[in-house]
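Below you'll find the structure, written out as structure tokens, and then a few comments.
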Amino acid sequence: GTMGTGNHFLEVCLDESDRVWLMLHSGSRGIGAAIGKLYIEKAKESMGERLGNLPDKDLAYLVDDKAGDSAFNEYVAAVAWAQSFARINRELMMNRALETLRRARLFPPFEVDEKAVNCHHNYVQREHHFGEECWITRKGAIRAGEGELGIIPGSMGARSYIVRGKGESSSFESCSHGAGRRMSRNRARKTVSVESHAQALADVECNNGESTLDETPSAYKDIDAVMRAQSDLIEPIHTLRQVLCVKG
6 GTMGTGNHFL EVCLDESDRV WLMLHSGSRG IGAAIGKLYI EKAKESMGER LGNLPDKDLA
66 YLVDDKAGDS AFNEYVAAVA WAQSFARINR ELMMNRALET LRRARLFPPF EVDEKAVNCH
126 HNYVQREHHF GEECWITRKG AIRAGEGELG IIPGSMGARS YIVRGKGESS SFESCSHGAG
186 RRMSRNRARK TVSVESHAQA LADVECNNGE STLDETPSAY KDIDAVMRAQ SDLIEPIHTL
246 RQVLCVKG
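In case it helps, the working numbering puts the sequence shown at residues 6 to 253.
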């Protein structure tokens, strides 16, 4: 498996009982973006044939195959494949990380005693809501169906949460994927000093130099405020704090 760059990471965390958790964030390694780019162009072509000139090409969309647009089903199948690829990629990395920890002998012999929590945050899926079958697109969001487990990371210097969904219908059974950025990458690089970045990460073993300035904790929203704002969507069941963070 491969992690990728940006906000992708692997972390060793401790929960409220000092149990060790491994948490990683990665996606389809560019495959999803390539699929999106390809089918956006197909949508523009299709809408041009159906409606002529669109007022804005970014308004183009694919129509369900029932209306005769085979590209719609092709896109759905391709996205499902990318989601499977991303999940398998994460599973491979998680298994490798566990093997590495065992070989390093940093801990006494251990067994994994919790079910792995694996969730997508940029995807499309057919679901049932408000009495109808529909397609749900979650961008920077995860599914939070009743009783379903999810992961909501903070930043590389803030706590993260393992949550249980409440199945809130008004949010289409969804919640946030993370804290969300309050500062663009470019702005973070220009305004945050290496010294303040390192100070914010003093309690975490990580790369706290110039290469991770755009991921500094102050570039992200307050994760606790985000959690309070969506308390009707999810219930926190574990609070995690990082002791080691590896950025892609």
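The C-beta atom is built at its ideal place from N, Cα and C for all residues, glycine as well.
Going by C-alpha to C-alpha distance, which of Asp229, Glu220, Arg24 and Phe135 sits closest to Val117? The count along the sequence shown starts at 1 and reaches residue 117 at position 112. Ranking Asp229, Glu220, Arg24 and Phe135 by Cα distance to Val117 puts Arg24 first.
Can you tell which of Thr7, Gly159 and Arg101 has the C-alpha that lies nearest to the C-alpha of Lys226? Here residue 226 is taken as the residue at index 221 of the sequence shown, counted from 1. Cα-wise, what sits closest to Lys226 is Gly159.
7 angstroms Cβ cutoff, Gly136 in contact with chain B: No chain B appears in this structure, which consists of one protein chain only.
Go ahead and pull the three-state DSSP assignment for Glu138. On the sequence shown, position 133 is the one that residue 138 refers to. In this structure, Glu138 counts as strand in the three-state DSSP scheme.
Tell me where the alpha helix (DSSP H) around Lys47 begins and ends. Within the sequence shown, numbered from 1, the residue matching residue 47 stands at position 42. Ile36 to Leu56 is the extent of the alpha helix (DSSP H) around Lys47.
Identify whether Asn127 lies in helix, strand or coil by the three-state DSSP scheme. As a position in the sequence shown, residue 127 is number 122, starting the count at 1. Strand at Asn127.
Assign Asp219 to buried or exposed, taking buried as 16 or more other Cβ atoms, counted over all protein chains shown, within 10 Å of its Cβ. Along the sequence shown, one-based indexing puts residue 219 at 214. It counts as buried.
Output the distance between the C-alpha atoms of Ala62 and Ala102, rounded to the nearest integer angstrom. Counted from its first residue, the sequence shown places residue 62 at position 57. Counted from its first residue, the sequence shown places residue 102 at position 97. Sequence inspection shows Lys at residue 62; the Ala mentioned does not correspond to that position. Rounded to the nearest angstrom, the two C-alpha atoms are 44 angstroms apart.
Measure the beta-carbon distance from Met28 to Leu238 and round it to whole angstroms, keeping in mind my assumption that it falls under 8 angstroms. For the purposes of this step, residue 28 is identified with residue 23 of the sequence shown, where counting begins at 1. For the purposes of this step, residue 238 is identified with residue 233 of the sequence shown, where counting begins at 1. 20 angstroms between Cβ atoms; not a contact.
Would you grab the beta carbon distance between Ala211 and Met161 for me? Rounded to a whole angstrom, and I think it's under 8 angstroms. Sequence index remark: in the sequence shown, residue 211 carries index 206 (1-based). Sequence index remark: in the sequence shown, residue 161 carries index 156 (1-based). Note that residue 211 is Cys in the sequence shown here, rather than Ala. The pair is a contact, with the Cβ atoms about 6 angstroms apart (cut-off 8 angstroms).
May I ask you to report which of helix, strand or coil DSSP gives Val231? For the purposes of this step, residue 231 is identified with residue 226 of the sequence shown, where counting begins at 1. It is helical.
Sequence-distant residues of its chain with Cβ nearer than 6 angstroms to Val197 (five each side left out): On the sequence shown, residue 197 is found 192 positions in, with the first residue counted as 1. Excluding residues within five positions, the ones whose Cβ falls inside 6 angstroms are Leu218 and Thr221.
Pick out the complete beta strand (DSSP E) segments inside the segment 166-243, 3 residues or longer, and give them in chain order. 179-181
What does the alpha-carbon distance come out to for the pair Asp69 and Cys139? As a first step, residue 69 is located in the sequence shown; it is residue number 64 there, counting from the start. As a first step, residue 139 is located in the sequence shown; it is residue number 134 there, counting from the start. Asp69 and Cys139: Cα-Cα distance of roughly 11 angstroms.
Own chain residues within Cβ distance below 7 angstroms of Asp20, not counting five before or after: Sequence index remark: in the sequence shown, residue 20 carries index 15 (1-based). Excluding positions up to five away in sequence, the list reads Trp26, His243, Thr244 and Leu245.
Is DSSP giving Ala82 helix, strand or coil here? Position 77 of the sequence shown, counted from the first residue, corresponds to residue 82. Looking at Ala82 - three-state DSSP - the assignment turns out to be helix.
If Gln247 and Glu16 are in contact, beta carbons under 8 angstroms, what's the gap, nearest whole angstrom? As a working note, residue 247 is residue 242 in the sequence shown. As a working note, residue 16 is residue 11 in the sequence shown. Indeed they touch by this definition, with Cβ atoms about 5 angstroms apart.
Span of the beta strand (DSSP E) around Glu16: On the sequence shown, position 11 is the one that residue 16 refers to. Its beta strand (DSSP E) spans residues Phe14 to Leu19.
Own chain, CB closer than 6 angstroms to His30, minus 5 neighbours either side, in chain order: Position 25 of the sequence shown, counted from the start, is the residue given in the question as residue 30. For His30, where only same-chain residues beyond five positions count, the Cβ hits under 6 angstroms are His13 and Phe14.
Could you tell me the alpha carbon to alpha carbon distance between Lys252 and Met8, rounded to whole angstroms? Walking along the sequence shown from the start, residue 252 turns up at place 247. Walking along the sequence shown from the start, residue 8 turns up at place 3. If I take the Cα positions, the gap works out to 9 angstroms.
Let's test the definition: count the other Cβ atoms within 10 Å of the Cβ of Lys42 and tell me whether it reaches 16, buried, or not, exposed. Within the sequence shown, numbered from 1, the residue matching residue 42 stands at position 37. Lys42 is exposed by the Cβ-count criterion.
For the beta strand (DSSP E) that contains Val122, what are its first and last residues? The residue labelled residue 122 in the question sits at position 117 within the sequence shown. Neither: Val122 is in no beta strand (DSSP E) and is coded neither H nor E.
With a threshold of 16 other CB atoms inside 10 Å of the CB of Gly152, please say whether the residue is buried or exposed. Working through the sequence shown from its first residue, we reach residue 152 at position 147. Exposed, since its Cβ has fewer than 16 Cβ neighbours within 10 Å.
Have a look at the DSSP bridge pairing and note the partners of Ala109. Counting from one through the sequence shown, the residue named residue 109 turns up at place 104. Per DSSP, none; premise fails for Ala109.
Excluding the 5 residues flanking Met188 on each side, which residues of the same chain have their C-beta closer than 6 angstroms to its C-beta? What you label residue 188 is simply residue 183 of the sequence shown in a count that begins at 1. For Met188, where only same-chain residues beyond five positions count, the Cβ hits under 6 angstroms are Ala224.
Just the C-alpha distance for Cys18 and Arg107, rounded to the nearest angstrom, thanks. Along the sequence shown, one-based indexing puts residue 18 at 13. Along the sequence shown, one-based indexing puts residue 107 at 102. Going from the Cα of Cys18 to the Cα of Arg107 covers about 16 angstroms.
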